[in-house]
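Working notes, structure below.
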Amino acid sequence: MTRIDRRALFSTGAAAALLAATGVALEAAPKTGGTLRLAVPRDDSLDLIARGALFDTLTEIGPDGALRGELATSWQASPDARIWTIDLRDDVLFHDGPALQVTDVIKSLENLHELNSIEATGASQLRLELVQGNPGLPFLLADAQCRIGPDGQVSGPLETAIGTGCYRASQAQEDRHFRGTKQPSHYKQGQAGWIDQIEVIVIPDAAVRAEALRDGYVDVAALPQPEGLRERAKFRYHPSERDMALAIAGTVGMPRHINPRAVLDDGRIAERWWML
Numbered sequence: 000m001t002r003i004d005r006r007a008l009f010s011t012g013a014a015a016a017l018l019a020a021t022g023v024a025l026e027a028a029p030k031t032g033g034t035l036r037l038a039v040p041r042d043d044s045l046d047l048i049a050r051g052a053l054f055d056t057l058t059e060i061g062p063d064g065a066l067r068g069e070l071a072t073s074w075q076a077s078p079d080a081r082i083w084t085i086d087l088r089d090d091v092l093f094h095d096g097p098a099l100q101v102t103d104v105i106k107s108l109e110n111l112h113e114l115n116s117i118e119a120t121g122a123s124q125l126r127l128e129l130v131q132g133n134p135g136l137p138f139l140l141a142d143a144q145c146r147i148g149p150d151g152q153v154s155g156p157l158e159t160a161i162g163t164g165c166y167r168a169s170q171a172q173e174d175r176h177f178r179g180t181k182q183p184s185h186y187k188q189g190q191a192g193w194i195d196q197i198e199v200i201v202i203p204d205a206a207v208r209a210e211a212l213r214d215g216y217v218d219v220a221a222l223p224q225p226e227g228l229r230e231r232a233k234f235r236y237h238p239s240e241r242d243m244a245l246a247i248a249g250t251v252g253m254p255r256h257i258n259p260r261a262v263l264d265d266g267r268i269a270e271r272w273w274m275l
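Below you can see the structure in the form of structure tokens.
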């Protein structure tokens, strides 16, 4: 390990030893508690995971590919799919306390190229008029470009970011490190957000990422150097050992399905995975 990367690992508190592998089946029910630690390269992975933990969208594509509501409870389209009416949840709070307002959603979405206009038609209802009909709009609204923030603020520094997601930023250094802490009394409680903390550490060297996983400094390594993972039977691999996009310790619980749109479970690994 390089001197810089060793210092980064220890300074972020990621050096705690991993528990022994339990052999629990992947489809076992999620458990609450613990910290999930990830080592990622210097690309957009840290930002993807962090903002996926901090922010919600109106809809969500589950790991099985099914569309479901997130901040939206229902949506209806005109026959030509150009006019959409969307109903919002009424039990959603931002991390700093205020309730989600329809104006927050309008501000967050008003610059979408597909929109001709967007307006409130009630305290928890929106009307969207598209430039042209699009039956796939609910799938588009699950995209990262449609994250919802207070007064539309979703792109500021991670350390001060406020969203409605399962986790709130407790520590962050851009392009280096992120730690998110579980938000109490979240509207998804019992459905997502199993771990107490998510920690993401940028380690540029693939060999060092593999070593960090092998030695128990992290629980998941993205794009590790395969040669660095001796005793490979101790780990699991996604999508496969031959195509090692993720190497995962035996102490990590995973959903039966992992969203194929992005290797880090479409950026929602923080709320979907758990510790055994």
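Each residue of the sequence shown is one higher than the one before, counting from 0 in numbering that gives the first Met the number 0.
Heads up, the beta-carbon is just placed ideally off N, CA and C, and yes, glycines get one too.
The structure presented is a predicted model; accordingly, all values stated were derived computationally and were not measured.
- With contact defined as three or more Cβ pairs closer than 8 Å, the stretch 49–60 and the stretch 230–242 are not in contact.
- Annotation: PRO225 to ALA206 spans about 8 Å, alpha carbon to alpha carbon.
- Considering only ALA119, LEU47 and LEU114, the residue with the shortest C-alpha distance to ASP103 is ALA119.
- Nearest Cα to ALA98 within the set ILE105, LYS106 and ASP89: ASP89.
- The three-state secondary structure of PHE54, taken from DSSP, is coil.
- Rounded to whole angstroms, the gap between the alpha carbons of GLY61 and ASP95 is 27 Å.
- In this structure, DSSP gives GLU59 an extended state, which the three-state scheme calls strand.
- Taking the C-beta atoms as reference points, VAL153 is found no nearer than 8 Å to SER123.
- Secondary structure note for PHE138: its alpha helix (DSSP H) is the uninterrupted segment 136–139.
- Counted as a single uninterrupted DSSP element, the stretch harbouring THR250 is not any alpha helix (DSSP H), since DSSP gives it neither H nor E.
- Non-local C-beta neighbours of ASP264 in its own chain, meaning closer than 6 Å and more than five positions away in sequence, comprise ILE257, ASN258 and ARG271, ordered along the chain.
- Below 8 Å, too few C-beta pairs join the stretch 133–141 and the stretch 195–204 to call them touching: fewer than three.
- Looking at the DSSP output, THR84 bridges to GLN75 and ARG126.
- In this structure, the CA atom of ILE161 is about 11 Å from the CA atom of ASP150.
- ALA38 sits away from VAL251, with the two beta carbons spaced by 8 Å or more.
- In the same chain as LEU92, and ignoring 5 residues on each side of it, the C-beta atoms closer than 6 Å to its own belong to ALA98, in chain order.
- Take PRO254, set aside five residues on each side of it, and the residues of its chain with a beta-carbon closer than 6 Å to its own are PRO62 and ARG271, in chain order.
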